[in-house]
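Enquirer: Counting in our numbering, the sequence shown tops out at residue 497, every number present.
Each residue gets a CB set at the ideal place from its N, CA and C atoms; glycine is no exception.
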Amino acid sequence: MTKKLSITILLEYYMLVSRRKFLTVAASTALATLGFPFLSKSGATRGFGNAEEIERVILMILDGSRYEYVYRMPHLRKIVENFGFSFTNAETIMTSNTVAAHVSIITGAYPEKTGVSGNAIYIREEDFYQFVMHSPRHIQAETMVESVKKQDDGIKVAFVTGKWRVPSNIAFSRDGGLIADIVLTGYRSGIPITPVEYRNVVGIPEIHRQSLGSDVRDSWCIPAAYQVIKRDDPDFMMLNLASTDVLEHIYGPDSPKFAPHLLDLDSMLALLFKKLENEGKLSSTLFVITSDHGQHNIYNVFNMAEFLKKNGYEAEILLEGSSAFLYLREPEKRGEVVELLNGLKAKGIVKEALPVEDYHRYSLPKNGWAGDVLVILQEGWVAGFWGLTSTDAKIPLRRIRSEVSVPGDHGGNSSNEIHVPMIFIGPGIQPGSSSERVSIVDVAPTICDLMGWKMPADAQGRSLAEVIGYA
Ligand SMILES: [Zn+2]
27 MTKKLSITIL LEYYMLVSRR KFLTVAASTA LATLGFPFLS KSGATRGFGN AEEIERVILM
87 ILDGSRYEYV YRMPHLRKIV ENFGFSFTNA ETIMTSNTVA AHVSIITGAY PEKTGVSGNA
147 IYIREEDFYQ FVMHSPRHIQ AETMVESVKK QDDGIKVAFV TGKWRVPSNI AFSRDGGLIA
207 DIVLTGYRSG IPITPVEYRN VVGIPEIHRQ SLGSDVRDSW CIPAAYQVIK RDDPDFMMLN
267 LASTDVLEHI YGPDSPKFAP HLLDLDSMLA LLFKKLENEG KLSSTLFVIT SDHGQHNIYN
327 VFNMAEFLKK NGYEAEILLE GSSAFLYLRE PEKRGEVVEL LNGLKAKGIV KEALPVEDYH
387 RYSLPKNGWA GDVLVILQEG WVAGFWGLTS TDAKIPLRRI RSEVSVPGDH GGNSSNEIHV
447 PMIFIGPGIQ PGSSSERVSI VDVAPTICDL MGWKMPADAQ GRSLAEVIGY A
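1) Check whether the Cβ of Asn123 sits closer than 8 Å to any heavy atom of ligand 1, and report yes or no.
2) Run through DSSP, which three-state label would Ala58 get?
3) Look at the Cβ atom of Met170, then the Cβ atom of Asn195, and state whether they are nearer than 9 Å.
4) How should Leu403 be labelled, buried or exposed, when 16 other C-beta atoms within 10 angstroms of its C-beta is the threshold for buried?
5) Could you name each continuous beta strand (DSSP E) segment of 3 residues or more that falls completely within the stretch 309-397, going from the start of the chain to the end?
6) Taking only the alpha-carbon atoms, compute the straight-line gap between Ser349 and Gly144 and give it to the nearest angstrom.
7) Using a Cβ-based criterion (distance less than 8 Å to any ligand heavy atom), does Asp271 qualify as near ligand 1?
8) With C-beta atoms as the reference, is His319 less than 9 Å away from Gly437?
9) Specify the secondary structure class of Ile444 as computed by DSSP and reduced to three states.
10) Tell me the rounded alpha-carbon separation between Ile233 and Arg463.
11) When DSSP labels each residue in this structure, what does Arg235 get in the three-state scheme?
12) Does Ser428 come out as helix, strand or coil in the three-state DSSP assignment?
13) Tell me whether the beta-carbon of Ile513 lies closer than 9 Å to the beta-carbon of Trp407.
14) On the DSSP bridge assignment, give the partners of Ser460 in chain order.
15) From Ala341 to Ile248, what does the alpha carbon distance come to, in whole angstroms?
16) Quick check: does the Cβ of Gly90 come within less than 8 Å of any heavy atom belonging to ligand 1?
17) Counting C-beta neighbours from all protein chains within 10 Å, is the total for Gly361 16 or more, i.e. buried, or is it exposed?
18) How is the alpha helix (DSSP H) around Leu297 delimited, first residue to last?
19) So, is Gly69 buried or exposed, given that buried needs 16 or more other C-beta atoms within 10 angstroms?
20) Give me the DSSP bridge partner(s) of Val242.
21) How about His164 and Ala296: do their beta carbons lie closer than 9 Å?
22) Only counting the same chain, and skipping five residues up and downstream in sequence, which positions put a Cβ closer than 6 Å to that of Lys480?
23) DSSP on Arg191, reduced to helix/strand/coil?
24) Whole angstroms are fine: how far does the CA of Gln486 sit from the CA of Arg424?
25) Taking Glu168 as the reference, which of Val254, Ile87, Arg200 has the closest Cα?
26) Quick check on the burial criterion: 16 or more other C-beta atoms within 10 angstroms. Buried or exposed for Leu204?
27) Can you check whether the C-beta of His386 is within less than 9 Å of a C-beta belonging to chain B?
28) By Cβ distance below 6 Å, which residues in the same chain neighbour Gly474 in space, the five residues on each side in sequence not counted?
29) Quick one: is Asp271 buried, meaning 16 or more other Cβ sit within 10 Å of its Cβ, or exposed?
30) Could you tell me whether the stretch 119-134 touches the stretch 300-312, where touching means 3 or more Cβ pairs closer than 8 Å?
31) DSSP on Gln177, reduced to helix/strand/coil?
32) Do Ile87 and Gly452 have their CB atoms nearer than 9 Å?
33) Judging by CA-CA distance, which residue of Lys307, Phe299, Leu291 is the nearest neighbour of Asp261?
34) Is the beta carbon of Gly434 less than 9 Å from the beta carbon of Tyr213?
35) Using only the heavy atoms of ligand 1, determine whether one of them is closer than 8 Å to the beta carbon of Ala146.
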C-alpha cells in the first residue's frame with residue numbers, strides 16, 4: 027500500500043466522523059459507500075462472522091503492541107467495536123519478550139512449563155547459550171501445531187511472520203521436523219525462507235534494515251498472508267506483524283516518529299479485510315488479535331555487570347531487556363544479592379528482585395534455565411538488549427548499541443509492557459467486552475475449543491468460549 031492511498035483512506039474516515047455529527051445515517055452504512063462494505067451490518071452474507079461456521083483461524087500477533095494501540099487505529103477500532111469481543115485486562119507472561127510469549131501463546135502454558143522465559147537461552151550445566159533462541163528443542167511443552175497435527179494431519183497450518191525466530195521455534199516439532207505446511211518469513215543467514223512458488227507471487231521480503239534480526243516489514247507480511255489464504259486457505263494461520271515492535275525499538279513508543287506507523291498498519295489491515303471479503307472469506311474467519319508484549323520508553327541503562335562486580339559478586343547475566351536473569355558463581359548467596367538489588371528500589375532503578383524459590387509468583391521455570399535471581403527494572407530502565415554478558419566479559423557490541431540507540435524496549439512488567447490487546451472476531455462470537463483478567467495462555471485453549479481441536483497437552487490456560495458468548 028502506498029502512503030498516498032493510506033492517507034486517502036484516513037481522510038475518508040475523518041470526513042465520515044465529522045459528518046456523523048450531522049447525519050443520522052449509520053456510520054457503517056456510510057463507510058460501506060466509501061468502499062468498506064465490511065463495516066455494513068446489513069446483508070446476511072457480508073461482514074465479519076456472518077457465516078454459519080468458522081472455516082479458518084487467523085491468529086494475528088501485533089508484535090510489540092500495547093493494549094491501546096488497537097484503539098488508535100481507526101478502522102480496526104471500528105471493527106472491534108462493532109464485531110469483536112475485547113478483553114480489556116489481558117496480560118502477557120514474564121518476561122515480556124517475543125520468543126517466550128509466542129511459545130506461551132502456542133502452547134497455552136506459562137514459562138514454568140514451557141521452560142522458555144525470555145528471548146535468549148542459557149543453560150548453565152551445558153554452558154549452552156543462544157543470543158536468540160532458534161530451536162524448538164528447548165520447548166518443554168506441547169505446541170498447538172503438534173497437538174492439532176496429531177489429531178489430524180490434514181489440518182493445514184501456516185506461518186506468515188515478520189520475525190524468523192517465531193517459526194524457527196514453533197513451526198517445528200521438538201525433534202526438529204517442520205510440521206507447519208506453509209512458512210513465509212524473512213531471511214536466515216541471508217537466504218530467504220519463503221518457498222519459491224510464493225516468492226514469485228509475493229516478491230522478496232522487505233526488511234527493516236535497522237533491525238538486528240532482519241525483521242520483515244508489515245507491508246510485505248500482510249499481502250503475503252492474503253496470498254496464502256487465497257491460494258492455500260490454511261485452517262490455522264499465525265500472522266506475526268513485526269513492524270510495530272521494530273519501530274518502537276528504534277524510535278521509542280511515545281515518539282511522534284512512531285505514531286504514523288499505526289495508521290499505516292491500520293490501512294493495510296483494512297485492505298486485507300476488504301480483500302478477504304471480496305474472496306468470500308471474511309465472514310467465515312475467526313480473527314484473534316493479540317500481542318506478545320508492549321513497550322516502554324527507555325531513558326536509562328543500568329549496568330548490572332558493573333554493579334555486581336563492584337559489590338563483589340560474580341555472575342553470568344542473561345539480559346532480557348528490562349529484566350535480567352542472574353546465574354551466580356555462588357548460588358547460595360542469592361539471598362544477599364536479592365537484598366542488595368532491592369536496595370535500588372528507592373533509587374527508582376529496580377522494581378523487584380526475587381530468588382529462584384519465589385519464581386512461582388511469575389510462573390517462571392525452576393529448572394535452572396532461568397538462573398538464581400530475576401531482576402525486574404522500573405519503567406524507563408533497561409539492563410541492555412537481550413544477550414549474555416558476564417562480570418569479566420567485555421561489553422558486547424549489542425550492549426553498546428542498546429546504550430545509544432534503543433529508545434524503546436520491554437521484558438519487564440510495567441503496564442505498558444504486559445497489558446496487551448486480546449480480541450476475538452468471528453462466527454458465533456457476540457460483540458462485547460470483559461474486564462476479566464485473562465492471559466495470552468488462554469488463546470490456544472480458546473481457539474482449540476472453538477474449532478473442536480485437541481488442546482495442547484501441557485496447556486494451563488482456559489477456554490474463553492463462554493465469556494465471548496460462543497454458541
Ligand atoms: Zn515481540
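Expert: Let me lay it out:
1) Asn123 has its Cβ nearer than 8 Å to a heavy atom of ligand 1.
2) Note on Ala58: pLDDT 43, under 50, position unreliable in the model; the coordinate value appears next. Of the three classes helix, strand and coil, the one that applies to Ala58 here is helix, per DSSP.
3) Contact flag unset, no.
4) The residue in question, Leu403, is buried, as its Cβ has 16 or more Cβ neighbours within 10 Å.
5) Uninterrupted beta strand (DSSP E) stretches at least 3 residues long and entirely within the stretch 309-397 occur at 311-316, 341-345, 349-354, 376-381, given in chain order.
6) A direct Cα-to-Cα measurement between Ser349 and Gly144 gives close to 9 Å.
7) Residue side-chain check: Asp271 places its Cβ nearer than 8 Å to a non-hydrogen atom of ligand 1.
8) Going by C-beta atoms, His319 is nearer than 9 Å to Gly437.
9) The three-state reading of DSSP puts Ile444 in helix, counting H, G and I together.
10) Ile233 and Arg463: Cα-Cα distance of roughly 36 Å.
11) In the three-state scheme derived from DSSP, where H, G and I count as helix and E and B as strand, Arg235 is classed as coil.
12) With a pLDDT of only 43 at Ser428, under 50, the local geometry of the prediction cannot be trusted, and the value read off the model is given with reservation. DSSP, reduced to helix, strand and coil, places Ser428 within a helical segment of the structure shown.
13) This structure leaves residue 513 out entirely; the chain is present only between 27 and 497.
14) Partner(s): Phe113.
15) The C-alpha of Ile248 is placed about 43 Å away from the C-alpha of Ala341.
16) Proximity of the beta carbon of Gly90 to ligand 1 is indicated: a heavy atom of the ligand is located closer than 8 Å.
17) When all chains shown are included, Gly361 counts as exposed.
18) Annotation: the continuous alpha helix (DSSP H) that includes Leu297 extends over 285-304.
19) Annotation note: pLDDT 33 at Gly69 (below 50); position unreliable, no value reported.
20) DSSP lists Ile233 as the bridge partner or partners of Val242.
21) Contact: no.
22) Counting only Cβ-Cβ distances below 6 Å, and skipping sequence neighbours, we find Ser173, Gln177.
23) Here Arg191 sits in helix by DSSP.
24) Caution is warranted here: a pLDDT of 39 is assigned to Arg424, below 50, making its placement in the model unreliable, and the coordinate value is therefore given only provisionally. Answer to the nearest angstrom: the Cα atoms are 35 Å apart.
25) Measuring C-alpha to C-alpha distances from Glu168 to each of Val254, Ile87, Arg200 identifies Arg200 as the nearest.
26) By the 10 Å Cβ count, Leu204 comes out exposed.
27) The structure shown contains no chain B; it is built from a single protein chain.
28) A quick correction: the sequence has Cys, not Gly, at residue 474. In its chain, beyond the 5 residues on either side, Met481 have a beta carbon closer than 6 Å to the beta carbon of Cys474.
29) Answer is buried; the Cβ neighbour count reaches 16.
30) Contact between the stretch 119-134 and the stretch 300-312 is not established, with fewer than three Cβ pairs separated by less than 8 Å.
31) The answer is helix: DSSP assigns Gln177 an H, G or I state.
32) Their beta carbons are not under 9 Å apart, which means Ile87 does not touch Gly452 by this criterion.
33) Looking from the CA of Asp261, the closest CA among Lys307, Phe299, Leu291 belongs to Lys307.
34) Not closer than 9 Å, so no.
35) No, the Cβ of Ala146 stays beyond 8 Å of every heavy atom of ligand 1.
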